[in-house]
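Under full-length UniProt numbering, the letters of the sequence shown match residues 1 to 384, in that order.
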Amino acid sequence: MPGPRGTVIVVGAGIAGLSTAWALERRGFQVSVFEQGPIPNPRATSYDDHRITRHAYGAHEGYAYLMPEAFAVYDRMFKETGTDHFDRSKVIYFLREEVGWYEPTVRSLTRMGSGFRDIPLTEVGERFPMVQTEGLTRAVETDEGGMLFPIRILTDLVIHLGNRGVRFHADSRVEEVDPEAGRVVANGREYRADHVVIAAGAWVNTLTPLLADTVVASRQAVMYLAPPPELARAWAAAPVLIDMGVDSGTYTLPPRRGTRLKIGDHVFTRAGDADGDRLATDDDVARLESAARLGYRDFDRYQVLERKICFYTVTRDDSERFAVRPWGRRAWVVSACSGHGFKLGPLVGDSVAAAIAGERAAEETIAKLAGLLDLAAPVPAPAA
Ligand SMILES: Cc1cc2nc3c(=O)[nH]c(=O)nc-3n(C[C@H](O)[C@H](O)[C@H](O)COP(=O)(O)OP(=O)(O)OC[C@H]3O[C@@H](n4cnc5c(N)ncnc54)[C@H](O)[C@@H]3O)c2cc1C
């Protein structure tokens, strides 16, 4: 039976697709989710132990102003699915060179009333014994942020949505989408709905030409580590650490709630094939390892537990804007670009659902999610 508001096919069961399904179902739509692999799929970008969320966004100020609402949508989702998979912590930024991050961050955090302060450099060594203090020019502590636990979030969402009548089609690769007719073909069979949402992550360009000029898949490496034993206690209590240095730039998630210490970098390869091999090579991690040696003391004494390859879409230019657009009469395409798609996934899903439900104009939705908010306007209040 179609829902009273109509039917929607969502392609992709990552955070973007499942969040869109959640936001549509709670608005009264009958939703079907098509996923090329198992649900959730370990090859999805969203499938990982943890992801960072935060308010400080440097030059991407438009995104900073979305964060209070992004946190509020997650809160609502956790209330409905039953478990809060958010570990709140400070986020500490270490600056070594001028990278244009500090000034816009101070401006946006001040406007949002989000707490932050400099940490005297003389205190860094004691508070963060793992950090290489040589060459530091500034350390900034921000209050709003922490870690989300994606595998648990995806799993809870799947259980919740299944309980509410969402239909899941696992191992169903969508081969074709007709955005005018609301028709998709999966495993050679045809399905129709009033709307189709493509949330295919790094595979988006295989299903639509709409974003081909805008986004490209990017092969990224992360490493899971066991720290030297004498640093284990410091790491267990550490907040999220982000090194903003040009050569030393990394982000590090401490071991928490049964997850391992993880380090990655925010340098896009803009290369690779999400369907190709995922064995991490020495080349894949070379830049990350050399950055980590600059940012952390004794990095060579950390034991590598896993080198993992994953893919995300990233804009061909450096804007890192989310590309979310209507396609034809009946489709929307969602591409959560860069390393920010998990924290903003539910907000993206909720916004697209609001546009499909006619609560908000398409143009407004596109501009908002691209972080193109009027920077002089008041910061949007979190949704009730
Ligand atoms: C190393 C790394 C670190 C990151 N760190 C952070 C972070 O700290 N904070 C943060 O917010 N974000 C982070 N991100 C980004 C974030 O994880 C992604 O932006 C987000 O998970 C993307 O979600 P998605 O749903 O768009 O894509 P995915 O999770 O990839 O989901 C897309 C799904 O679509 C399915 N699919 C594709 N094509 C088809 C088809 N034809 N038919 C059926 N199904 C199909 C796929 O199998 C997949 O399951 C990071 C990403 C990486 C790679």
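Note that CB positions come from ideal geometry on N, CA and C, so glycine has one too.
- R88 and K343 do not touch by the CB rule: their CB atoms are close to 13 Å apart, not below 8 Å.
- The C-beta of Q303 has fewer than 16 other C-beta atoms within 10 Å across all chains shown, which makes the residue exposed.
- In the displayed model, I366 falls within a helix according to three-state DSSP.
- Closest by C-alpha distance to H266, out of V10, G245 and D49, is G245.
- Note on T365: 16 or more other CB atoms within 10 angstroms of its CB, so buried under the neighbour-count rule.
- Residue pairing for D87: DSSP places it in a beta bridge opposite M147.
- In this structure, S32 has its beta carbon at no less than 7 Å from each heavy atom of ligand 1.
- Looking at P239, P42 and T81, the one whose alpha-carbon comes closest to that of F128 is P239.
- If you compare the alpha carbons of E144, E230 and E98 with that of H55, the shortest gap goes to E144.
- Ligand 1 has a heavy atom closer than 7 Å to the beta-carbon of N41.
- Beta-bridge analysis with DSSP links P326 to W332.
- For T105, there is no enclosing beta strand (DSSP E); the residue is found in the alpha helix (DSSP H) stretching over Y102 to M112.
- Nearest neighbour of D213 by Cα position, chosen from V196, Y191, T315 and F311, turns out to be T315.
- Excluding sequence positions up to five before and after P120, its CB lies less than 6 Å from no other CB in the same chain.
- Annotation: the stretch 186-251 contains the following complete segments of the beta strand (DSSP E) (minimum length 3 residues), in chain order: 189-192, 195-198, 215-226 and 240-243.
- Across the structure, H169 and E35 are spaced so that their CA atoms are roughly 6 Å apart.
- Considered as a whole, the stretch 22-94 harbours 61-64 and 67-81 as its complete alpha helix (DSSP H) runs of no fewer than 4 residues, in chain order.
- The secondary-structure analysis by DSSP pairs H169 across a beta bridge with F34.
- Between ligand 1 and K368, a heavy atom-to-CB distance of less than 7 Å is absent.
- At least one heavy atom of ligand 1 lies closer than 7 Å to the C-beta of Y312.
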